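Note sheet for the following structure.
Here it is, written out as structure tokens:
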């Protein structure tokens, strides 16, 4: 038995979308194709700091068209919805060495004091 699977990525006006690094990505543009020109215009304008609604207003394109285009980009894996804002931040693994771990039950010590003590210990 054969069937058709349709994957939908719902996009809202207040969603933030970002384009992760696309290694080896090449886009061959065909002049005169309205839909391809529309997709390209939206694709190169996505910055991760602008909502879909603001993006539509910036490039003066109907918001529904922008939502559909962004949904296509997400389905193809070219773009991702931003949830926390830290999806594309590369953290250095050495930062874990300087993470302060304290017992939550011990609320008498100040975090600032711990940071100062840690800094002084590192400087000596």
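In the UniProt record's numbering, the protein residues as written are 1 to 124. Just so it is clear, CB atoms sit at the ideal spot from N, CA and C, and this is done for glycine as well. Just so it is clear, the structure is predicted and the values come from calculations on it, not from any experiment.
Buried versus exposed call for residue i [16 or more other C-beta atoms within 10 Å across all chains shown]
{"i": "residue 7", "result": "exposed"}
{"i": "residue 34", "result": "exposed"}
{"i": "residue 73", "result": "buried"}
{"i": "residue 15", "result": "buried"}
{"i": "residue 12", "result": "exposed"}
{"i": "residue 116", "result": "exposed"}
{"i": "residue 83", "result": "exposed"}
{"i": "residue 46", "result": "buried"}
{"i": "residue 44", "result": "exposed"}
{"i": "residue 30", "result": "exposed"}
Simplified DSSP state of residue i, which is helix, strand or coil
{"i": "residue 70", "result": "helix"}
{"i": "residue 21", "result": "coil"}
{"i": "residue 92", "result": "coil"}
{"i": "residue 116", "result": "helix"}
{"i": "residue 29", "result": "coil"}
{"i": "residue 64", "result": "helix"}
{"i": "residue 4", "result": "coil"}
Boundaries of the beta strand (DSSP E) in which residue i is found, first to last residue
{"i": "residue 18", "result": "16-18"}
{"i": "residue 81", "result": "80-82"}
Bounding residues of the alpha helix (DSSP H) (the contiguous stretch that carries residue i)
{"i": "residue 35", "result": "34-45"}
{"i": "residue 58", "result": "52-59"}
Whole-number beta carbon distance between residue j and residue i, since they are thought to touch under 8 Å
{"i": "residue 71", "j": "residue 9", "result": "5 Å"}
{"i": "residue 69", "j": "residue 22", "result": "That pair is no contact at about 16 Å."}
{"i": "residue 80", "j": "residue 20", "result": "6 Å"}
{"i": "residue 42", "j": "residue 66", "result": "6 Å"}
{"i": "residue 18", "j": "residue 48", "result": "3 Å"}
Any C-beta of chain B under 7 Å from that of residue i
{"i": "residue 72", "result": "Absence of chain B from the displayed structure is noted, only one protein chain being present."}
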